[in-house]
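Enquirer: Numbering-wise, my numbering comes out as the position in the sequence shown, counting from 1, plus 46.
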Amino acid sequence: MGAGTALAAPTAPTSSRLSATGVTESHAADLTIDTPVLLVAGQTVTLSFGGGPGPYTVRVLPAGQVSGQALKEFPATNNTSLEWTVDLPANTPVTLSVTDDTGQTAYTIHG
């Protein structure tokens, strides 16, 4: 399972960074989740996912704790992407996951 990603120290007084590789690990044959290379607190990013049957549920989890309580869970959607205004504090390590209608889950991997 992925180790996750972590928010880096702010580069400006009003922004924090979260880096991710955009690489995915899938537990289902076709289900994937792709993340941007860089997530900046307060800025909106697009998370893309799909491959399995919708609706999809996307969660932000503590890094490496795929069965842990979600730090954030987005409402289920039949869309294959969503926009997220990053709202986590700096230095918060996370793993992103997507679960499809069959219960299959894919996770991001921090490289």
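Ideal Cβ placement from N, Cα and C applies to all residues, glycine included. Computed from a prediction, not measured in an experiment: that's the story for all the values here.
1) Where do the ends of the beta strand (DSSP E) carrying Ser-127 lie?
2) Should Thr-145 and Leu-107 be called a contact, given that it needs their Cβ atoms to be closer than 9 Å?
3) Using 9 Å as the threshold, is the C-beta distance between Leu-117 and Thr-92 below it?
4) Using a threshold of 9 Å, state whether the C-beta atoms of Thr-148 and Pro-99 are closer than that.
5) In angstroms, rounded to a whole number, what distance separates the CA positions of Thr-81 and Leu-134?
Expert: So, to answer that:
1) If you look at Ser-127, you'll find it in the beta strand (DSSP E) that goes 127-131.
2) no
3) No, the pair does not count as a contact, with Cβ atoms beyond the cut-off.
4) In this structure, Pro-99 lies closer than 9 Å to Thr-148 by Cβ.
5) 15 Å
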